[in-house]
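By my numbering, the letter at position 91 of the sequence shown is numbered 121, and the numbering carries on one by one without gaps. Cβ atoms here follow ideal geometry from the backbone N, Cα and C, with glycine treated the same way. All figures in this text were calculated on a predicted structure; none of them were measured in a lab. A short worksheet on the structure shown next.
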Amino acid sequence: MRVKHVPQRTCIACRQIASKRDLVRVVRSPDGTIQIDQTGKKPGRGAYLCRRKSCWARATKGKQLEAALKVALSPADKAMLAEFAATWAQVDDQADENAIVQPDAVNDDEASEKS
31 MRVKHVPQRT
41 CIACRQIASK
51 RDLVRVVRSP
61 DGTIQIDQTG
71 KKPGRGAYLC
81 RRKSCWARAT
91 KGKQLEAALK
101 VALSPADKAM
111 LAEFAATWAQ
121 VDDQADENAI
131 VQPDAVNDDE
141 ASEKS
């Protein structure tokens with residue numbers, strides 16, 4: 031039986047290699063707009079980021095995302111990226127790097143604390 035190939039990509043902020051599905055793709059479309067590509071199929075130049083707060087902060091505050099997409103990010107682009115990053119319940123840097131929590135996920139500990 032053949033082993034299925036899993037595409038690997040590198041986070042532009044922390045340089046960690048992960049499967050393509052575990053990272054978020056930011057794309058510069060052919061018309062020059064910056065978009066979040068959750069399907070991984072939009073046309074244009076793409077860059078991948080982890081879902082950790084530190085990676086998003088490092089990529090948008092520094093020049094890493096601009097260099098990867100070969101475009102200057104406008105303040106509106108940075109605000110859109112920050113808003114998207116805030117919608118995800120993100121993993122702290124000290125937590126398990128493989129534990130990515132989806133939005134609206136409730137842990138058993140949180141449910142018991144609210145009771």
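### Query
Do V36 and I64 have their CB atoms nearer than 9 Å?
The answer is no: Cβ separation not under 9 Å.
### Query
Taking DSSP as the reference, what is the three-state secondary structure of K144?
Model confidence at K144 stands at a pLDDT of 44, short of 50, so the residue's coordinates are unreliable; what they give is reported in the following sentence. K144: helix per DSSP, three-state reduction.
### Message
When you compare the segment 37-54 with the segment 84-97, are there three or more beta-carbon pairs, one atom per stretch, that lie closer than 8 Å?
### Response
Output reads yes: the segment 84-97 touches the segment 37-54.
#### Entry: For L103, three-class secondary structure by DSSP
In the structure shown, the three-state DSSP call for L103 is coil.
#### Entry: Where the beta strand (DSSP E) through T40 begins and ends
Bounds of the beta strand (DSSP E) holding T40 are Q38 to T40.
### Query
Taking C-alpha atoms, which residue in A97, P105 and M110 lies nearest to I42?
When C-alpha distances from I42 are compared across A97, P105 and M110, the shortest belongs to A97.
### Query
Which residues in the same chain have their Cβ closer than 7 Å to the Cβ of R32, if we skip the five residues on either side of it in sequence?
Within the same chain, no residue comes within 7 Å of R32 by CB-CB distance, once the 5 residues on both sides are set aside.
### Query
Near Q94, which residues of its chain fall below 7 Å by C-beta distance, leaving aside the five closest residues on each side in sequence?
If you ignore the 5 residues before and after Q94, its C-beta comes within less than 7 Å of the C-beta of I42, A43 and R88, all in its own chain and listed in chain order.
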